[in-house]
Every structure is written in structure tokens, then in C-alpha cells.
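Notes follow the structure.
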Amino acid sequence: MQDSLKSSSYQQLEQKSKYTNMFLRWFLYFILILFASYFIFPLYVMVVTSLKTMEEIRQGTLLSWPSGLNLDSWAIAWGGRGYGAGDTFLRPYFWNSIKMVVPAVFFSTFIGAMTGYVLTKWRFKGDQWVFLFLLFGCFIPFQAILLPMARTLGVLGISNSVVGLVLVHTVYGIPFTTLFFRNYYVSVPTELVKAARIDGAGFFKIFFKILLPISAPIIVVTVIWQFTQIWNDFLFGSTFSFGEAAPIQVALNNMVLSSTSVKEYNVDMASAIIAGIPTLIVYVLAGKYFIRGLTSGAVKG
Amino acid sequence: MFKWLEKNLPKIVMAPAVGLIGWFVYGFVLWTLYISFTNSKILPKYELWGFGQYEKLWASRKWLIAVDNLLIFTALFLIFCVVIGIILAIFLDQKIRAEGLLRTIYLYPMALSFIVTGTAWKWILNPTLGIQKMFRDWGFENFTFDWLVDREMAIYTIVIAGVWQSAGFVMALFLAGLRSVEDEIVKAAKIDGASLFTVYWKILLPMMRPVFFTSFVILVHISIKSYDLIVALTQGGPGISTTMPALYMTQTAFHKSQVGLSAASAMMMFMAVAAVIIPYLYSELRRENAR
Chain A
1 MQDSLKSSSY QQLEQKSKYT NMFLRWFLYF ILILFASYFI FPLYVMVVTS
51 LKTMEEIRQG TLLSWPSGLN LDSWAIAWGG RGYGAGDTFL RPYFWNSIKM
101 VVPAVFFSTF IGAMTGYVLT KWRFKGDQWV FLFLLFGCFI PFQAILLPMA
151 RTLGVLGISN SVVGLVLVHT VYGIPFTTLF FRNYYVSVPT ELVKAARIDG
201 AGFFKIFFKI LLPISAPIIV VTVIWQFTQI WNDFLFGSTF SFGEAAPIQV
251 ALNNMVLSST SVKEYNVDMA SAIIAGIPTL IVYVLAGKYF IRGLTSGAVK
301 G
Chain B
302 MFKWLEKNLP KIVMAPAVGL IGWFVYGFVL WTLYISFTNS KILPKYELWG
352 FGQYEKLWAS RKWLIAVDNL LIFTALFLIF CVVIGIILAI FLDQKIRAEG
402 LLRTIYLYPM ALSFIVTGTA WKWILNPTLG IQKMFRDWGF ENFTFDWLVD
452 REMAIYTIVI AGVWQSAGFV MALFLAGLRS VEDEIVKAAK IDGASLFTVY
502 WKILLPMMRP VFFTSFVILV HISIKSYDLI VALTQGGPGI STTMPALYMT
552 QTAFHKSQVG LSAASAMMMF MAVAAVIIPY LYSELRRENA R
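Residue numbers (my numbering), protein chains in the order written: chain A, 1 to 301; chain B, 302 to 592.
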């Protein structure tokens, strides 16, 4: 009785504010679309600029439409102009990045999964402190490890190589991957593991037979997070590699900064899009997982 | 022997992670700390030199500019990201059509690297062919927007690009927070005659305190570490007007070969981050234990 009374007065209230609501909704959409254009603007400008000739760029404005589907700048950005010295283009560096990302993502994800498994299903005294110990690694400013790292890579003989970057990215990915897997496995009932242990299943068997089959979502989140972080890294790439071993972000920056001849903004924009496309594709295809990683990678819990 | 192995297998499996982090994070930070107390130039020296590098650091004009810039950037970056993020989250929470599409648009910059972002904004902001030219071509002959090449204003271009990249992220955090609030609370308040504005201002936003806290920590963290964006957008220029601590550190180490001095600047950054992160981790841990 009271409930129905309440809901009817609620409806009345809704009715009364109908006109204010209509105005508010127009305002709402206006603001939302305004911000959407602010966010979309640079991407739009990048795409149209990359399709223009330099002549069109000088004559038109940022927003003006290209005269046709002119992919020349894309070809130059990807494969160069075909003359020797000073001809920098992204293709080799794109592959450098692939060669760096794949093993680094694999190793860091694997180590994180194992560590997260131990921290939740084989708990021991002080495991909370171990977790905290690892977690702090998520937050350290990398400037504080840059100098020793440069020296260590030199001693190991892997400075300025893709192998060195794989090591660096694997190590500094571990805190994040551990965090992801630990938080995921915490919610898996420990009874499952206990029952399996009574049945005589060992450490690895429990992992591969019980936990791994249900880990698909968190593996996706972790792989996407690590892929995005490593692909987009510039600090490590630019500090520990130069010349031919550089990953794509470093190559992009060098390309844009090199002022050998007339600035070719169309080629710059095509290059920037090429460097950004892999992570953009991942974002569009797996946005849900991307956001989940983002919110839990940065927010513990 | 086998039994021992079996009993300690979990710890053995965990050892690589603990060992790697122990060495590459904690060991290296201590190593950097040690270097900062030496008079290392191009090659590390290992005899102690006291606080000389720190004195030199805080007497350096460039470092002071870097710290100044960091404060300006952090303040503006925080305010704009949080305000825009909250507005977008609240508006998106009103059962909007095409919410998914809008959310995707607001958040996609997070998928791009700062180098890509910087390259794009550098092109948009450059006075000869970018926004300034666009407005002039549209008939606003006197329109000027040359912050990128203006010593006083260049730092604000970094704010523009940084906010563009990260505001959507704050939106995502707040949207998730708002969605986790029970509908009943909002309904009850409306029956009591509260306007939508009051509901948000007096009830929902105060409930978002943990989200504010989290956004604050993450944004401050991003801004202390910001390096790529500056390299791509201004390289610290014009002159040294947009230098920030992270850029100062790498330039001092790798271009000026002042390894000791750069280690001191790295330690200052480390302490700034620790001052924000340690209370955060502490409170998070307490919350988790309370559950």
C-alpha cells in the first residue's frame, strides 16, 4: 500500500518536470556532442591531413576535405621514398615493435599468472607483504631505475637490442600482471583447489586443470594492457635503443623531428596513424576488456 | 629432498617475480640513490660525495623551471580532467542514446601513445598551418593562437594535449562509480523533492570520494612521470620553458653526461611519487582488510 503510494507520487513528480526535462535533455546532448567533437577533432585532422598533398595543406584549412583518396604519404611513411641515406620509414621499426611486444607480453603474463596463483591459492605467512612488495613496482617513476638499467644492459651485452627491451618490459610488467591475476584468482573459490588437493592433484595440475580453463577473461585483459603499454612505450625505447633496434614510437618521433628538408605534415600524420593503429584496433575490437584493464590496472581492487 | 621441493614449490615458482622485482626495482632505486651521493659525471664514480648533487640541483635554474612547470601542469591537468570527467560521466548516466558510441569516442585517446598524441597536437597547434590559420582563413584576420611557440604559454599546450588524452579515463572511473550506486537511493531522494542537481551535488558526488581519491593519485602519478608528451610536443622548448623533471633527468644523464646530478633529480621524482602512493596503498590495504 505504502509502496504504491510512493511510486504514484514519484510518477506525478516525473510528469511535472517533463518540460524542464526536455530542455535539459537538449542541453545534455549539446554538451555531450560538443565534447565528442573535441575528442574526435585530432583524429579527424590526422586522417584528412594524411590524405592531402602538401599543396592542398597550404591552401586549405585543418578541416578541409582532401581532394581524393591520395595514399602517397602513407606509402612514404611505411616504405620510404626509395633513395638511400636519410630515408627513414616505419616498416622495419614496426617489425621491431612486434618482435619486442610478443615475447614481452607472453613472459610477463605467464609470470604474473603463476605469481597471482601462488599468492591466492597457496597462501603462506606474509603473502600480503609479498604482494605489497610487488605492487609498489606499479608506481615507481622509471627515471629512478634508468641509470642502473642502462649499465646492466651494457654489462649483459644486450643494450641497444630488441632482446634488452624484451627483458626491460617483461620485468616492469610483472607488478601489473601479478595484480591482475591476483585480484582475479581471489574471487575463485578456494574450496575447488582444496578438493583437488585432497584428490592428490599437484601444484601444476591444479593450475592447468582448474584455474587456467577459467582464466580467459583475465588473460585477455592482461594481454591487452601489456600490449598497449609496451607498444606505446617511449621512455625505455628511446633510452635503451637507437638506430636500427628502435621500436616504432622512437622511430616516429625521430621521423617527425628530423628537419632535413621541407616539413611534410601529411607524411608525419600518416606515420602517426600507422604507429597508433594496432592499439586503436585492439581498443575498438575489445573495448570492454581494455577499459576493465585500465580501471583495475590503475586502481587496485 | 623431493619432499622439500614439493612443499616449497609455490615459493620456488614465485621466486622469479620476487627476485626480478627485488633487483630491478628496489635494488636499482637504491643504486640510483647511491649514485646521487657521488660525483659521477659521464662514468659512475663510487666514492661518496655527500649532498653536493642535491645542492647543485636546487640551485639550477633549469630544475626550478621544471618543478614550476610540474606544479602548473599538475594543477591544471587535475582540475580539467576531473571536471570534464565528472561532467561527462554524469551526463552519460542519464540514459542517453548512443551512450556506447560516445563512451568509445571519449576514451579512445587512452589507446594512443603520447608520441602519437603529441605529433597530432603539434600539427594542430602550429601557428603557420594549424588552428590559427584555420580561423584566419575563416575571416578572423587577427586571430592569434601561437602558444606552442610562446615561452609563457607553451606549457598550456601540454595541458591541452594531456587533458585530451586522460579526461576520458576519469570519465570511465566516475561512470563506473555512479553505476555502482543503488537506484533506490536516487529514487528516495527524488520523492523527498530533491532536484536532479541536488541529488548529484549533495548525495552522489560525496559518495564518490574514493573515486576522487583514486583519480587524484593516478593523475598526479601520470603528471610526475610525463615525459613522452613533452618530447613529442615541445622538446622542452621554446628554450627551456617547458622542461619538466622527467625530461630534465634524461637530458642531464644522456646529453649532458651529469650522471650524479641526474640521479639526484630521479630521486626527487621518486620521493614525490612515494609521497602520493604510499598513503594511497596504505588506505587501500586497510579498506581491503576491513572487508
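Beta carbons: idealized from backbone N, C-alpha and C, even for Gly.
| query | result |
| --- | --- |
| Neighbouring residues, chain B, relative to residue 28(A) (Cβ below 8 Å) | 392, 395 and 397 |
| Residues near residue 67(A) by beta carbon distance below 7 Å, same chain, minus five either side | 56 |
| Under 8 Å between C-beta atoms of residue 222(A) and residue 182(A) | no |
| Assigned exposure category for residue 277(A) - 16 Cβ within 10 Å defines buried | exposed |
| Residues in the stretch 91–103 of chain A having any Cβ partner in chain B nearer than 9 Å | none |
| Interface flag, residue 301(A) vs chain B, CB-CB below 8 Å | With a pLDDT of 33 at residue 301(A), under the threshold of 50, the modelled position of that residue is not reliable, and the figure given next carries that caveat. Yes, its Cβ sits closer than 8 Å to a Cβ of chain B. |
| Residue 69(A): first and last residue of the uninterrupted alpha helix (DSSP H) it sits in | Where residue 69(A) is concerned, there is no enclosing alpha helix (DSSP H), given that its DSSP letter is neither H nor E. |
| Local conformation of residue 458(B) per DSSP, three classes | helix |
| Bounding residues of the alpha helix (DSSP H) (the contiguous stretch that carries residue 530(B)) | 529–534 |
| One or two residues paired with residue 349(B) in a DSSP bridge | 339(B) |
| Minimum C-alpha distance to residue 429(B) - residue among 265(A), 123(A), 295(A) and 275(A) | 265(A) |
| Range of the contiguous alpha helix (DSSP H) that encloses residue 381(B) | 362–393 |
| Contact check, residue 509(B) vs residue 294(A), beta carbons under 8 Å | no |
| Cut-off 7 Å between Cβ atoms - residues of its own chain near residue 400(B), not counting five sequence neighbours on either side | 393 |
| Whole-number beta carbon distance between residue 250(A) and residue 234(A), since they are thought to touch under 8 Å | 7 Å |
| Three-way DSSP call (helix, strand, coil) for residue 300(A) in this model | Only weak support is given to the placement of residue 300(A): the predicted model assigns it a pLDDT of 39, under 50, and the question is left unresolved by the model. |
| Candidates 577(B), 470(B), 317(B) and 446(B), of which the one nearest residue 381(B) by Cα | 470(B) |
| Coarse secondary structure for residue 96(A), derived from DSSP in three states | helix |
| Any C-beta of chain A under 8 Å from that of residue 414(B) | yes |
| Rounded separation between residue 439(B) and residue 519(B) - CA only | 40 Å |
| Counted within 10 angstroms of its Cβ, other Cβ atoms place residue 217(A) as buried (16 or more) or exposed | exposed |
| Residue from 275(A), 225(A) and 269(A) whose Cα sits closest to the Cα of residue 247(A) | 275(A) |
| Residue from 35(A), 112(A), 156(A) and 165(A) whose Cα sits closest to the Cα of residue 245(A) | 165(A) |
| Residue environment, residue 313(B), which counts as buried when at least 16 other CB atoms sit within 10 Å | exposed |
| Where the stretch 428–452 of chain B meets chain A: residues whose CB sits under 8 Å from a CB there | 430, 431, 432, 434, 435, 438 and 439 |
| Alpha-carbon spacing of residue 576(B) relative to residue 343(B), whole angstroms | 30 Å |
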